[in-house]
Amino acid sequence: MRIHDKRTSFSILLGIVLIFLGWDPALGVAGESVFSVTLMNRSLLRGVPTVSEIPFQIDGQNQSVPLATIQELTPGLNRRPQLRQQIQELLNGLASENFFEREASGTKLRKLAPELRAELAHFRADTDLEKRNRVRHLLRDFEKHPTLPAWPRYDMLKLSDRTVTGSILLDRLTLATEYGELKIPLRDISTMQRADQSVERDLLKTIDPKRHSIRGQWELKEGVLVTPDKLPWALLQLDVKPPSSYRLSATVERKTGQDALIFPIVVGGKECNVCLDGWPRGTTHHTGLELIRGQGPPTNSTRHRGTLLHTNQPTSLEIDVTPTSVQLTVDRRQIFTWKGDPSVFSMQREWVRPDKTVLGLGSYAASFHISELTLSLVGREKPTIRAKQNAFVWEL
48 MRIHDKRTSF SILLGIVLIF LGWDPALGVA GESVFSVTLM NRSLLRGVPT
98 VSEIPFQIDG QNQSVPLATI QELTPGLNRR PQLRQQIQEL LNGLASENFF
148 EREASGTKLR KLAPELRAEL AHFRADTDLE KRNRVRHLLR DFEKHPTLPA
198 WPRYDMLKLS DRTVTGSILL DRLTLATEYG ELKIPLRDIS TMQRADQSVE
248 RDLLKTIDPK RHSIRGQWEL KEGVLVTPDK LPWALLQLDV KPPSSYRLSA
298 TVERKTGQDA LIFPIVVGGK ECNVCLDGWP RGTTHHTGLE LIRGQGPPTN
348 STRHRGTLLH TNQPTSLEID VTPTSVQLTV DRRQIFTWKG DPSVFSMQRE
398 WVRPDKTVLG LGSYAASFHI SELTLSLVGR EKPTIRAKQN AFVWEL
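Read in order, the letters of the sequence shown are residues 48 to 443 in our numbering.
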């Protein structure tokens, strides 16, 4: 990594975690100029494009599209030839004479990303029966992720009154931030959308129980997430990396059992759990953070005694997180506030998620219905960007 004044180039290597400098709700620009950018690894950032127009080619004709008319910008797969070649090879594998190769190709396509559904749709009517059936099965699975952008073959702009497809005549997009201009290659952008100033995300729409379940049979029934019944250590990993300051809001209802509902969260880069109605001592439940210096809610500073989640009674809760604090509010009543160094947190091994940077859900020997689950940005903190080797090259 070389560092030299404002022309610095960051070559992001495997395992390096950068605290991205581009999110600030007080950028000092008109609200309608702010865009939310989702990168290819699903990290999020916000910024203001420095151009007033986007040069765009449609049917061989060059046009300048005013930024003010653009609601969404999605670079096409044509900007990612290696990815497109990989997709084509896997699609060919779906028609292989070898059963195991067909199965492996389908599994790899499913793991690549639900964003591939627009590309796969081109093969819905393929002449090969095996490929056609497997593509349709994949598309049914991917339809469970309507909030994730579908990558088109070619660059796409959603305007105020129509959608156009063609080629953006730029290799990089420059975003203005409080810290300078950030240049991002278009191939590294999944999609860019005009930002909603409330910045709230419905997490239930991002969940695929079969794909995200770590332990137990989780279900989505008419938009309500149902946790496994009677199973200890039931765990689900969300595909969501939270910013460093955020609010997690939920409406939950206990249906069976008398034990805990768990919210695995990330605080200052460290994972911990918000445990509700766990650690029973006789008939007494305990709520709090786990673990703090190896201690659970019954014996640490966040301890709350008593039942919060009653059977067949909807309950609203909010978890407010900053890099140095966590606050739990249940039905508008503050339950605990913790402040300190997140290095004191640790996890029981049964609750550890494969990806420690994302949010999760858990339950212990009890079933809950979760009818609302949203993530909101709060405060002035900056999101964390994780990048794989050669994934991104940004210039400041």
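Backbone N, C-alpha and C define an ideal beta-carbon position, used for all residues, glycine too.
> Hey, which unbroken runs of the alpha helix (DSSP H) at 4 residues or more fall wholly within the stretch 166–215?
Replying inline: Here the runs fully enclosed are 176–189.
> In angstroms, rounded to a whole number, what distance separates the CA positions of Leu323 and Glu148?
Replying inline: Reading the sequence shown from its first residue, position 276 is the one you call residue 323. Reading the sequence shown from its first residue, position 101 is the one you call residue 148. Rounded to whole angstroms, Leu323 and Glu148 show a C-alpha spacing of 45 Å.
> For Asp446, which beta-bridge partners are listed by DSSP?
Replying inline: Shown here, the chain extends from 48 to 443; a query on residue 446 therefore has no answer.
>> Threshold first: 3 residues or longer. Then list the beta strand (DSSP E) segments lying entirely within the stretch 332–377, N to C.
In response: The stretch 332–377 contains, as complete beta strand (DSSP E) runs of 3+ residues, the segments 362–369, 372–377 (chain order).
> Helix, strand or coil: how does DSSP classify Ser111 here?
Replying inline: Within the sequence shown, residue 111 is the residue found at index 64, counting from 1. Of the three classes helix, strand and coil, the one that applies to Ser111 here is strand, per DSSP.
> Over what stretch of residues does the alpha helix (DSSP H) that includes Gly325 continue unbroken?
Replying inline: The sequence position of residue 325 within the sequence shown is 278, counting from 1. Here Gly325 belongs to no alpha helix (DSSP H); instead the beta strand (DSSP E) covers 317–328.
> Around the C-beta of Asp388, are 16 or more other C-beta atoms found within 10 angstroms, so that it is buried, or is it exposed?
Replying inline: For the purposes of this step, residue 388 is taken as residue 341 along the sequence shown, with counting starting at 1. Exposed is the call here.
> What runs of the beta strand (DSSP E), each 3 residues or longer, lie entirely inside the stretch 219–268?
Replying inline: Whole beta strand (DSSP E) segments, 3+ residues: 219–224, 227–232, 236–241, 247–249, 260–262, 266–268.
> How is the beta strand (DSSP E) around Ser83 delimited, first residue to last?
Replying inline: To locate residue 83, count along the sequence shown from 1; it is residue 36. Element bounds for Ser83: 82–86.
>> DSSP has Ile134 in a bridge; who is on the other side?
In response: Position 87 of the sequence shown, counting from 1, holds the residue named residue 134. For Ile134, which the question treats as bridged, DSSP gives no partner whatsoever.
>> Looking at chain C, is there any beta carbon in it that lies within less than 7 Å of the beta carbon of Leu267?
In response: You won't find chain C in this structure, because it holds only one protein chain.
>> Comparing C-alpha positions only, which one of Ile101, Gly270, Glu119, Glu247 sits nearest to Pro113?
In response: Taking the first residue of the sequence shown as 1, we reach residue 113 at position 66. It is Ile101 whose Cα lies nearest to the Cα of Pro113.
> Can you name the residues that DSSP bridges to Pro96?
Replying inline: Position 49 of the sequence shown, counted from the first residue, corresponds to residue 96. Beta bridge pairing from DSSP links Pro96 with Leu222.
> Just the Cα atoms here: how many angstroms apart are Glu266 and Lys277?
Replying inline: Position 219 of the sequence shown holds residue 266. Position 230 of the sequence shown holds residue 277. About 14 Å.
> Name the DSSP bridge partner or partners of Gly407?
Replying inline: Taking the first residue of the sequence shown as 1, we reach residue 407 at position 360. Looking at the DSSP assignment, Gly407 forms a beta bridge with Gln284.
> Thinking just about the alpha-carbon of each residue, which of His169, Asp306, Ile309, Leu138 is nearest to the one in Glu177?
Replying inline: Against the sequence shown, residue 177 aligns to sequence position 130. Ranking His169, Asp306, Ile309, Leu138 by Cα distance to Glu177 puts Leu138 first.
> Does the stretch 389–398 come close enough to the stretch 266–275 to have 3 or more Cβ pairs within less than 8 Å?
Replying inline: No, the stretch 389–398 is not in contact with the stretch 266–275.
> Hey, is the stretch 208–216 in contact with the stretch 364–381, meaning 3+ C-beta pairs nearer than 8 Å?
Replying inline: Contact fails: fewer than three Cβ-Cβ distances are below 8 Å.
>> Check this for me: beta carbons of Glu119 and Gln240, under 7 Å apart or not?
In response: The count along the sequence shown starts at 1 and reaches residue 119 at position 72. The count along the sequence shown starts at 1 and reaches residue 240 at position 193. Going by C-beta atoms, Glu119 is nearer than 7 Å to Gln240.
> Could you give the C-beta distance for Gly325 and His333, rounded to a whole number, given that I count them as a contact under 8 Å?
Replying inline: On the sequence shown, residue 325 is found 278 positions in, with the first residue counted as 1. On the sequence shown, residue 333 is found 286 positions in, with the first residue counted as 1. The Cβ separation is near 6 Å, so the contact holds.
> Can you tell me the Cα-Cα spacing of Leu163 and Gly353, whole angstroms?
Replying inline: Within the sequence shown, the letter at position 116 stands for residue 163. Within the sequence shown, the letter at position 306 stands for residue 353. Going from the Cα of Leu163 to the Cα of Gly353 covers about 47 Å.
> If we count the other Cβ atoms within 10 Å of its Cβ and call it buried at 16 or more, is Lys409 buried or exposed?
Replying inline: Along the sequence shown, read from residue 1 onward, the residue named residue 409 stands at position 362. Strictly speaking, residue 409 in this sequence is Gly, with Lys absent from that position. Burial is judged here by how many other beta carbons sit within 10 angstroms of a residue's own beta carbon; Gly409 has at least 16 and is buried.
> Just to confirm, are Leu35 and Val84 a CB contact at a threshold of 7 Å?
Replying inline: Because the chain here runs from 48 to 443, residue 35 falls outside it and cannot be looked at.
>> For Gly153 and Ala160, I'd like the C-alpha separation in whole angstroms.
In response: Against the sequence shown, residue 153 aligns to sequence position 106. Against the sequence shown, residue 160 aligns to sequence position 113. Looking at the two C-alpha atoms, the distance is approximately 12 Å.
> So, helix, strand or coil for Leu420, using DSSP?
Replying inline: Reading the sequence shown from its first residue, position 373 is the one you call residue 420. Per DSSP, reduced to three states, the secondary structure at Leu420 is strand.
>> Residues in the same chain with beta-carbon distance under 6 Å from Met203, minus the five sequence neighbours each way, listed in chain order, please.
In response: Translated into positions along the sequence shown, residue 203 becomes position 156. Non-local beta-carbon contacts of Met203 in its own chain, meaning distances under 6 Å to residues more than five positions away in sequence, involve Thr121, Thr212 in chain order.
>> Please report the straight-line C-alpha distance between Lys158 and Arg187, rounded to a whole angstrom.
In response: Position 111 of the sequence shown, counting from 1, holds the residue named residue 158. Position 140 of the sequence shown, counting from 1, holds the residue named residue 187. Cα-Cα distance, rounded: 14 Å.
> Since Ala151 sits in a beta bridge, which residues does DSSP pair it with?
Replying inline: On the sequence shown, residue 151 is found 104 positions in, with the first residue counted as 1. Per DSSP, Ala151 has no beta bridge partner at all.
> Three-state secondary structure (DSSP) at Ser296?
Replying inline: Position 249 of the sequence shown, counted from the start, is the residue given in the question as residue 296. Three-state result, Ser296: strand.
>> Ser291 and Pro232 - do their beta-carbons sit closer together than 7 Å?
In response: Taking the sequence shown and counting its residues from 1, one reaches residue 232 at position 185. Taking the sequence shown and counting its residues from 1, one reaches residue 291 at position 244. With contacts defined by Cβ atoms closer than 7 Å, Pro232 and Ser291 do not form a contacting pair.
>> Only counting the same chain, and skipping five residues up and downstream in sequence, which positions put a Cβ closer than 6 Å to that of Leu282?
In response: As a first step, residue 282 is located in the sequence shown; it is residue number 235 there, counting from the start. Cβ neighbours of Leu282 beyond the five flanking positions: Ile261, Arg262, Gly409.
> Considering only the beta carbon of each residue, do Val399 and Lys288 sit closer than 7 Å?
Replying inline: For the purposes of this step, residue 399 is identified with residue 352 of the sequence shown, where counting begins at 1. For the purposes of this step, residue 288 is identified with residue 241 of the sequence shown, where counting begins at 1. In this structure, the beta-carbon distance from Val399 to Lys288 does not fall below 7 Å.
>> Can you tell me where the beta strand (DSSP E) holding Phe383 begins and where it ends?
In response: Residue numbering aside, residue 383 sits at position 336 when the sequence shown is read from its first letter. Per DSSP, Phe383 is one residue of the beta strand (DSSP E) stretching across 380–386.
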